[in-house]
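Asker: Numbering-wise (my numbering), the sequence shown opens with residue 28 and increments by one.
All C-beta atoms, glycine included, are put in the ideal place defined by N, C-alpha and C.
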Amino acid sequence: MRAFGACIIKLFLGQVLAVRQVKLGFNGPEVSEVCFGSLAISPLQGRVNFEEGAEILRYAIEQGITWVDTAEIYDNYEQLASVLKSYPDVRVVTKSYAVTSEEMALSIEKARKGFNRDVIDFFLLHEQESALTLKGHKGAWEELLSAKERGIVRWIGISTHAAAGVRAGALQQGLDLIHPIVNMQGLGIIDGTIEDMLKSISFASELGIGIYAMKVFGGGHLSSKAEVAIDFIKGIKDIHAMALGMSTREEVDFNLAILSGKEVSDELKNLIKAREKKLYIADWCEGCGRCLDYCPQRALYLEETVKVDHNSCVLCGYCGRACPHFCLKIV
Ligand code: SF4
Ligand code: SF4
Numbered sequence: 028m029r030a031f032g033a034c035i036i037k038l039f040l041g042q043v044l045a046v047r048q049v050k051l052g053f054n055g056p057e058v059s060e061v062c063f064g065s066l067a068i069s070p071l072q073g074r075v076n077f078e079e080g081a082e083i084l085r086y087a088i089e090q091g092i093t094w095v096d097t098a099e100i101y102d103n104y105e106q107l108a109s110v111l112k113s114y115p116d117v118r119v120v121t122k123s124y125a126v127t128s129e130e131m132a133l134s135i136e137k138a139r140k141g142f143n144r145d146v147i148d149f150f151l152l153h154e155q156e157s158a159l160t161l162k163g164h165k166g167a168w169e170e171l172l173s174a175k176e177r178g179i180v181r182w183i184g185i186s187t188h189a190a191a192g193v194r195a196g197a198l199q200q201g202l203d204l205i206h207p208i209v210n211m212q213g214l215g216i217i218d219g220t221i222e223d224m225l226k227s228i229s230f231a232s233e234l235g236i237g238i239y240a241m242k243v244f245g246g247g248h249l250s251s252k253a254e255v256a257i258d259f260i261k262g263i264k265d266i267h268a269m270a271l272g273m274s275t276r277e278e279v280d281f282n283l284a285i286l287s288g289k290e291v292s293d294e295l296k297n298l299i300k301a302r303e304k305k306l307y308i309a310d311w312c313e314g315c316g317r318c319l320d321y322c323p324q325r326a327l328y329l330e331e332t333v334k335v336d337h338n339s340c341v342l343c344g345y346c347g348r349a350c351p352h353f354c355l356k357i358v
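1. If you measure between the beta carbons of Y345 and L152, is that distance less than 8 Å?
2. Taking DSSP's pairing of strands, which residues face W94 in a bridge?
3. Comparing the CB of G344 with every heavy atom of ligand 2, is any distance shorter than 7 Å?
4. Do you know how far the Cα of V58 is from the Cα of A191?
5. Which residues in the same chain have their Cβ closer than 6 Å to the Cβ of A138, if we skip the five residues on either side of it in sequence?
6. Per DSSP, which residues does K305 bridge with? Please list them.
7. What did DSSP end up calling E330 once you bin it into helix, strand or coil?
8. On the three-state DSSP scale, how would you describe D203?
9. Tell me whether W182 sits in a helix, a strand or coil according to DSSP, three-state version.
10. From D258 to V126, what distance separates their C-alpha atoms?
11. By a C-beta neighbour count over all protein chains shown, 10 Å radius and 16 as the cutoff for buried, is P115 buried or exposed?
12. Look at E136 and A189 and say whether their C-beta atoms are less than 8 Å apart.
13. Report yes if the CB atom of I179 is closer than 8 Å to the CB atom of D145, and no otherwise.
14. Out of E254, L171, W182 and N103, state which residue places its alpha-carbon closest to the alpha-carbon of A284.
15. Determine the direct distance from the alpha carbon of L234 to that of C315, and round the result to whole angstroms.
16. Among R181, V209 and W182, which residue has its Cα nearest to the Cα of V193?
17. Specify, as a first and last residue, the run of the beta strand (DSSP E) that D218 falls within.
18. Suppose you measure from the CA of L286 to the CA of F63; what does that come to, to the nearest Å?
19. Between C62 and ligand 2, is the CB less than 7 Å from at least one heavy atom?
20. Between E60 and A268, is the Cβ-Cβ spacing less than 8 Å?
21. Using CA atoms only, rank isn't needed, just tell me which of G219, V335, S232 and D96 is closest to L111.
22. I'd like the ranges of any beta strand (DSSP E) spanning at least 3 consecutive residues and lying wholly in the stretch 55-91.
23. Between which two residues does the alpha helix (DSSP H) harbouring V291 extend?
24. In three-state terms, what does DSSP make of F281?
25. Answer yes if the stretch 302-316 comes into contact with the stretch 334-349, meaning at least three C-beta pairs across the two stretches below 8 Å, and no otherwise.
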């Protein structure tokens, strides 16, 4: 990961803060090296309520984070907008599963309305696995190209859990940004190893595409090795930035301390450890199986009731929205 010029101390929102700024690919803007991953404060994960989540985002911005990652399915535009109305310079990334042009047009309008902004900074196709998946989303991509042309979206791209997705995205006409799953153990990569993913990332980066990493802590599995996990990503020159999910002030302090190379106190480490997450399955699960297809990691299986393979689960919370009985939660 490369710092942009010598701009290590950044004057932002009237405060002098030690936040490293990076350039997102050839065409992308300058942003803080960490993006606020808002899944962690969304109803999908259900760890904090609306006001608590908004307060954490506000705190993160005050510490110097200049962009926020969300998605249509996180169902948190209103929560984020309640904070971002005071920070018009903070950039937003959102994503949609839209397949057709019409669906994507609706998604873009939903975001513009939800954030009360004429222009959405970054819009991504959510979870693209391969060239085939991208082909299937041709209509949605053409709508993104048109939105960029009309100036209502600034940069467009994809998020992906697959090395093949990164490679296909890199060749996609007009693509500026890729958000791949990448961490030091390759957790959550659905079609290969960390080496495969890094080769694809290098290919994309050399074409000038901005790369910001997802699931740096492997959905919680690497939280106990946070310093090493972050250093691993920082050591890859082709990855420009990373999204980190944060749902407490302590997590913001902890991540920013590691990123700036400061020593983290034992007290703070213990507070973080006490909040380690896992997928909770309520005992009233009826075993209908409806949630299985919602898991991108194929971590759920049925044995009368639903069970989870904790080694495969990256704690994204996507399965929670499938259950009509609210059995699945990240706690
Ligand atoms: S089991 Fe649920 S939380 Fe875990 S990876 Fe699958 S969808 Fe995400
Ligand atoms: S968790 Fe919910 S959706 Fe999944 S099998 Fe159980 S009852 Fe069905």
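Answerer: On the basis of the coordinates in this document:
1. Cβ distance not < 8 Å, so Y345 and L152 don't count as in contact.
2. R118
3. no
4. 26 Å
5. T121 and I147
6. Under DSSP, no beta-bridge partner is assigned to K305.
7. The answer is strand: DSSP assigns E330 an E or B state.
8. coil
9. strand
10. 36 Å
11. exposed
12. no
13. yes
14. E254
15. 45 Å
16. V209
17. No beta strand (DSSP E) contains D218, which DSSP labels as neither H nor E.
18. 13 Å
19. no
20. Yes. Within cutoff.
21. D96
22. Counting only runs of 3 or more, we get 57-59 and 61-64.
23. Premise fails: V291 is in no alpha helix (DSSP H) and is neither H nor E.
24. Helix at F281.
25. yes
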